[in-house]
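Here the sequence shown stands for residues 118 to 354, where the numbers follow this note's numbering. Contents: one structure, followed by commentary.
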Amino acid sequence: MRASGGRSSTGTRRSTGSNPKKLRKPTTKHHQEASDGLANHSSTHEGTARCLKDTFSTNKHRKRQQQHQHKINIGTWNVTSLTGKEMEVVEEAQKYHLDILGISSTKRKSKGSLTLNNGCQLYYSGVDTTTYAQAWVAILVNPRLAESIVEWKPINEILALIRLQLKRTTLTIIQIYAPNNEADYSIFLDMVFTTIESVSVTDSKLLIGDFNAHVGNDSQAWNGVIEPNGDKDISNQ
């Protein structure tokens with residue numbers, strides 16, 4: 118009979134389970150012996166086998182990367198007033214599966230934190246108790262992230278930050294509530310920039326909140342950022 122390489126063969130045919138190292142070496146450079154036990158006959162498709170191995174290795178690497186990823190859902194909401202509505206806000210956060218919710222216009226006085234009945238942590242930053250209630254910001258944190266919080270910094274009634282130590286990075290979230298008059302807006306921006314610069318350069322940073330600004334409705338120029346149904350006016354802010 119004639120072997121696959123085109124040479125005459127008078128011996129018995131080797132079984133499929135033969136050790137590839139004991140096979141007769143090919144006599145031409147066009148026929149190479151496959152390695153790693155993937156085949157036991159002469160083949161020119163060694164590159165295909167190697168490609169499959171590399172693909173498998175790449176898939177395992179991607180799977181390891183996905184296992185290290187830490188997914189967090191973050192939102193922001195202007196609630197007008199938070200007084201007596203804490204659990205209502207918690208229910209809305211749970212409805213949209215939010216792990217962190219930045220809250221603007223809470224009108225809650227003083228600075229501090231409290232644990233709600235379901236285990237959520239509410240961090241708030243406002244004016245002192247002798248001042249008329251206005252503005253103020255807060256951050257609601259899901260119980261599963263409670264141990265990840267490494268810093269809570271209430272700066273003033275319109276600016277606060279929280280830092281979380283995650284698996285692969287430290288995340289700093291800055292919650293703001295901008296003034297609605299142009300006279301105070303530049304002062305507000307200076308405070309925001311100063312706060313951002315004070316954060317470690319190695320931190321991942323996220324600025325959220327209510328900027329009290331009209332951004333127009335040009336959804337084509339800002340695709341994925343704004344929608345076409347908003348106010349067409351653009352404010353100076």
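Glycine is no exception: its CB is placed at the ideal position from the N, C-alpha and C atoms.
Three or more beta-carbon pairs under 8 Å between the stretch 333-346 and the stretch 299-315, yes or no?
no
Kindly give me the distance between the Cβ atoms of Asp355 and Ser222, rounded to whole angstroms, as I take these residues to be in contact under 8 Å.
For the chain, the structure presents residues 118 to 354; residue 355 sits outside this window and is missing.
Since Tyr294 and Trp269 should fall inside the 8 Å C-beta cutoff, what is the C-beta to C-beta distance between them, to a whole number of angstroms?
Stepping through the sequence shown from its first residue, residue 294 is reached at position 177. Stepping through the sequence shown from its first residue, residue 269 is reached at position 152. The C-beta distance from Tyr294 to Trp269 rounds to 17 Å, too long to meet the 8 Å contact threshold.
Please classify Ser274 as buried or exposed, where buried requires at least 16 other C-beta atoms within 10 Å of its C-beta.
To locate residue 274, count along the sequence shown from 1; it is residue 157. According to the sequence displayed, residue 274 carries Glu and not Ser. Looking at its Cβ environment, which holds 16 or more other Cβ atoms inside 10 Å, Glu274 is buried.
Going by DSSP, what residue range makes up the beta strand (DSSP E) through Tyr294?
Position 177 of the sequence shown, counting from 1, holds the residue named residue 294. Here the beta strand (DSSP E) through Tyr294 covers Thr287 to Tyr294.
Do you know whose CA, among Gln211, Pro345 and Lys284, lies nearest Val258's CA?
Position 141 of the sequence shown, counted from the first residue, corresponds to residue 258. For Val258, the nearest C-alpha among the options comes from Gln211.
Can you pull the DSSP bridge partners for Arg280?
By 1-based counting over the sequence shown, the position of residue 280 is 163. According to DSSP, which records beta bridges pairwise, Arg280 is partnered with Glu268 and Thr289.
Going by C-alpha distance, which of Ile256, Val342, Val332 and Leu283 is nearest Asp350?
As a working mapping, residue 350 is identified with position 233 in the sequence shown. For the residues Ile256, Val342, Val332 and Leu283, the minimum Cα distance to Asp350 belongs to Val332.
Grab me the residues of Leu215's own chain with a C-beta within less than 6 Å of its C-beta, minus the 5 sequence neighbours each way, in chain order.
Indexing the sequence shown from 1 puts residue 215 at position 98. Counting only Cβ-Cβ distances below 6 Å, and skipping sequence neighbours, we find Asn190 and Gly192.
State the DSSP-derived secondary structure class of Leu262, mapped to helix, strand or coil.
Taking the sequence shown and counting its residues from 1, the one referred to as residue 262 is at position 145. DSSP, reduced to helix, strand and coil, places Leu262 within a helical segment of the structure shown.
When DSSP builds the beta bridges, which residues end up paired with Val254?
Residue numbering aside, residue 254 sits at position 137 when the sequence shown is read from its first letter. Paired residue(s): Ser221 and Ser242.
Would you tell me roughly how many angstroms separate the C-alpha atoms of Ile266 and Asn298, rounded to the nearest one?
By one-based count along the sequence shown, residue 266 stands at place 149. By one-based count along the sequence shown, residue 298 stands at place 181. Their backbone Cα atoms lie some 34 Å apart in a straight line.
First and last residue of the alpha helix (DSSP H) that includes Ser315?
Numbered from its first residue, the sequence shown carries residue 315 at position 198. It spans Glu299 to Ser315 - the alpha helix (DSSP H) in which Ser315 sits, taken as one unbroken run.
How far does the alpha helix (DSSP H) with Lys212 in it reach, from first residue to last?
Here residue 212 is taken as the residue at index 95 of the sequence shown, counted from 1. That run of the alpha helix (DSSP H) goes Glu203 to Lys212.
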